[in-house]
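Line by line, the protein sequences are chains A and B.
Take 1 as the starting number for the first sequence in the UniProt record's numbering and just add one per residue.
Take 1 as the starting number for the second sequence in the UniProt record's numbering and just add one per residue.
The beta carbon of each residue, even a glycine, is placed where N, CA and C say it ideally should be.
From a predicted model like this one, the values you see are computed outputs, not experimental measurements.
Just below is one structure, and these are the notes that go with it.
2 protein chains.
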Amino acid sequence: MAAAAAAAGTEEVPNRRVILKRHVTGFPAEDDMEVVAGAARLAVPPGSAAVVLKNLYLSCDPYMRGRMSKHDRPSYVPDFVPGEVLAGHGVSKVVASGHPDFKVGDHVWGITGWEEYTLIPNPGSLSKINHPEMPLSYYTGALGMPGLSAYAGFYDVAKPKKGDYVFVSAAAGAVGQIVGQLAKFTGCYVVGSAGSDEKVNLLKTKFGFDEAFNYKKEQDLNAALQRYFPEGIDIYFENVGGTMLEAVLLNMRVHGRITVCGMISQYNLEQPEGVRNLLSLITKRVRMEGFLVSDYLGEYHRFEEEMHSLGSSQGAMLASNWSPLPGSNVMLRRFQQPCSACPIHLVI
Amino acid sequence: MAAAAAAAGTEEVPNRRVILKRHVTGFPAEDDMEVVAGAARLAVPPGSAAVVLKNLYLSCDPYMRGRMSKHDRPSYVPDFVPGEVLAGHGVSKVVASGHPDFKVGDHVWGITGWEEYTLIPNPGSLSKINHPEMPLSYYTGALGMPGLSAYAGFYDVAKPKKGDYVFVSAAAGAVGQIVGQLAKFTGCYVVGSAGSDEKVNLLKTKFGFDEAFNYKKEQDLNAALQRYFPEGIDIYFENVGGTMLEAVLLNMRVHGRITVCGMISQYNLEQPEGVRNLLSLITKRVRMEGFLVSDYLGEYHRFEEEMHSLGSSQGAMLASNWSPLPGSNVMLRRFQQPCSACPIHLVI
């Protein structure tokens, strides 16, 4: 009787949620967030075009760190609000819908809440998953926001040519590993940097990078780049900022391109580091250009089909490192903070 | 008899020259350079395609500071060599020629020596002056390298649109003053910064900038830019680097462009400053691109004609601040160092 009422959306079901307790400064700590008990209705408001999602996979992405801070002037995405649920990219199943494009049972990806069920008043920002035969977790990676970031940042911003020398930092990250594979697919030479030998090994053996190195083991990043790029770098896919960017600037080739996707080395610093060597932009006529994946959402379904074909033919592309953790007892691992158990797969 | 021999190039004439005594570190000092007596033959080696130039105007340009330093790895232009004559852009008259494109009496501009007469073994880098009816000094400014820099950097790199908000630093400099005029010609709103009230006044009254400010009088560059650009900046024409660039990055509009032409605030520093706020390149999707005027020399004569027409119709463009100093008893004023007398007009 209660189950039937819940299915009809007339009563509430439990809904555990992860809320931000306070704005974060410096390195996030576990108690900046809290898992709280909530409740959800499995129905949309009458007459609305909303959907209710059951969240299956939630992706913990670096840009979320920025939303945890309080900004004096508005950032490009709103700051998280203390006391409210965190939001991020995820893969979900539609359990109630007032929207003609989404029916109950559809799988979607897009911005959702860090909770079991989320009411999305305007589902226009969600993308329907057209290949539900693929493991759904891929839509938090190669087929989702990180994949679209890699695709847009590499092809549209960096404009690669066959034979280009490509360097990717944070190359074992969700975006970097796809950039490396796209670079190989395009006929480029590609080197990645990462922060552990395990990741370096993964880059060379699984993702097909020509070379990779552990930046933490390098005394002199400039010397490391000279070693891997004796002819210089045509394309730098920037995910880290700071001293790596300084070293890269010294090693760019004439008419090189730097796609600025992220600067994760800076996100937990109270005072960001200054970057020297920008004069190289002139002497080497370098184009350094930032982008946001949100500008490319209109091209998502074209991308989805291309990546699906590419993935099927290339193998590794989709079978990437982005699979759900067994269970979900580790959360926010990217920030090295274990968190409480949560009933949703967290992809980190 | 001696005069006839000199005219025929069979004997030497005196040739005062400015040589670099030592590589410069930090701020250049007068005794880093020296005026020495030399001698020149007014004839080209038999069978060569060389020309001999009588130098009329020599331009003291900021990029020359870089050539005065010793670089561990080669820069985009060779370092000056201690004991050898300085080289820079100038306007000259051909006094002997073995080259079919240049005849005696032609006026040219291009890289020449800081001396009275210069033998140019390969004159391919010189541009013949097609409008000798103009004051020749204009070819060190609006019609020469600074003009071509402004034109290429503004139109080809920044790609302005009517109504864009444009900010130019070092706006009273040889390049900046032309950028401001091109921006107004294109229908943009343009603000310039400079380092004295006299220059600020010049920007507003002579060069047609909508607004201008003295950056030395601003406690907070970010606040100054917010005041002049409440809607933000579409195009920043970068001539200075350092803290100004940091402040500009916070004030860029979405899809803004930063043309990197120079970073004069850094040229005399032994340790260049780091630039913060590069994360704005992502959040505002900004393109920051460097260029070298040397890449555009092939388009010079098209530029010369366009600027000549523009200058004739616009007035101020060519009648810019670039006229020869009366006499030439002040040299390297840009570095605040008086130098010995020299018989050539020095444009600084």
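| Item | Value |
| --- | --- |
| Collapsed DSSP secondary structure at His71 of chain A in the structure displayed | coil |
| Nonlocal neighbours in the same chain, by C-beta distance under 7 angstroms from Pro14 of chain B, ignoring five residues either side | Ala37 and Ala39 |
| Same chain only: Cβ atoms within 6 angstroms of Phe154 of chain A, ignoring 5 sequence neighbours per side | Val179 and Leu182 |
| Residue closest to Pro78 of chain A, alpha-carbon to alpha-carbon, out of A:Gly90, A:Asp156, A:Tyr63 and A:Val91 | A:Tyr63 |
| Span of the beta strand (DSSP E) around Leu58 of chain B | Val51 to Ser59 |
| Leu148 of chain B and Tyr296 of chain B closer than 7 angstroms at C-beta | yes |
| Near the ligand PLP: Tyr296 of chain B beta-carbon under 6 angstroms from a heavy atom | Questions concerning the ligand PLP fall outside what the structure shown contains, since it holds no ligand whatsoever. |
| Inter-residue Cα distance where the pair is Phe335 of chain B and Val95 of chain B | For Phe335 of chain B, the predicted structure reports a pLDDT of 25, less than 50, and the residue's modelled location is therefore unreliable. A value from the coordinates is still provided. If I take the Cα positions, the gap works out to 32 angstroms. |
| Near-chain B residues of the region 279-304 of chain A (beta-carbon distance less than 9 angstroms), N- to C-terminal order | Leu279, Ser280, Leu281, Ile282, Thr283, Lys284, Arg285, Val286, Arg287, Met288, Glu289, Gly290, Phe291, Leu292 and Asp295 |
| Partners in chain E for Tyr228 of chain B, counting only beta-carbon separations shorter than 9 angstroms | Here chain E cannot be found, since the structure's protein chains are A and B. |
| Residue 364 of chain B classed as buried or exposed, judged by whether at least 16 other C-beta atoms fall within 10 angstroms | Given a span of 1 to 348 for chain B in the structure shown, any question on residue 364 of chain B remains unanswerable. |
| Nearest-angstrom beta carbon gap, Thr259 of chain A and Glu238 of chain A [assumed within contact, 8 angstroms] | 6 angstroms |
| Same chain only: Cβ atoms within 8 angstroms of Lys216 of chain B, ignoring 5 sequence neighbours per side | Gly195 and Ser196 |
| For Pro100 of chain A and Gly47 of chain A, the rounded distance between their alpha carbons | 12 angstroms |
| Chain B within 7 angstroms of Arg17 of chain A, Cβ atoms only | no |
| Rounded straight-line distance, which links the Cα of Phe185 of chain B to that of Val52 of chain B | 39 angstroms |
| Proximal residues to Val190 of chain B (C-beta, below 7 angstroms), its chain only, five neighbours per side dropped | Val166, Val168, Gly180, Ala183, Lys184, Phe209 and Asp210 |
| Lys93 of chain A, enclosing alpha helix (DSSP H) - first and last residue | Looking at the DSSP string, Lys93 of chain A is not in any alpha helix (DSSP H); the run it does join, the beta strand (DSSP E), is Ala87 to Ser97. |
| Partner residues on chain B for Met263 of chain A, Cβ-Cβ distance less than 8 angstroms | Leu278, Leu279 and Ile282 |
| Residue environment, Ser309 of chain A, which counts as buried when at least 16 other CB atoms sit within 10 Å | exposed |
| Residues that Gly274 of chain A contacts on chain B, provided the C-beta gap is smaller than 7 angstroms | Glu273, Gly274, Val275 and Arg276 |
| Range of the contiguous beta strand (DSSP E) that encloses Ile120 of chain A | Tyr117 to Ile120 |
| C-alpha distance - Leu202 of chain A paired with Ala172 of chain A, whole-angstrom precision | 8 angstroms |
| Whole-number beta carbon distance between Tyr139 of chain B and Val91 of chain B, since they are thought to touch under 8 angstroms | 5 angstroms |
| Residues sharing a beta bridge with Asn239 of chain B, DSSP | Partner(s): none; Asn239 of chain B has no beta bridge. |
| Glu84 of chain B beta carbon less than 7 angstroms from that of Arg17 of chain B | no |
| Local conformation of Asn15 of chain A per DSSP, three classes | strand |
| Cross-chain neighbours of Gly173 of chain A in chain B, by beta carbon under 7 angstroms | Those do not exist, as Gly173 of chain A stays about 15 angstroms from chain B at its closest Cβ, beyond 7 angstroms. |
| Chain-ordered neighbours of Gly124 of chain A on chain B, where CB pairs are closer than 8 angstroms | None at all; the shortest Cβ gap to chain B is about 20 angstroms. |
| Expected contact under 8 angstroms - CB spacing of Arg287 of chain A and Pro272 of chain B to nearest Å | The pair is not a contact, with the Cβ atoms about 21 angstroms apart (cut-off 8 angstroms). |
| Residue-level contact to chain A via CB, Tyr165 of chain B, 7 angstroms cutoff | no |
| Cα-Cα separation between Arg65 of chain A and Leu143 of chain A, rounded to whole angstroms | 22 angstroms |
| Buried versus exposed call for Pro123 of chain A [16 or more other C-beta atoms within 10 Å across all chains shown] | buried |
| Minimum Cβ-Cβ distance from Val52 of chain A to chain B less than 7 angstroms | no |
| Below-7 angstroms beta-carbon distance, Val260 of chain A vs any chain B residue | yes |
| Neighbouring residues, chain B, relative to Ser75 of chain A (Cβ below 7 angstroms) | Thr283 |
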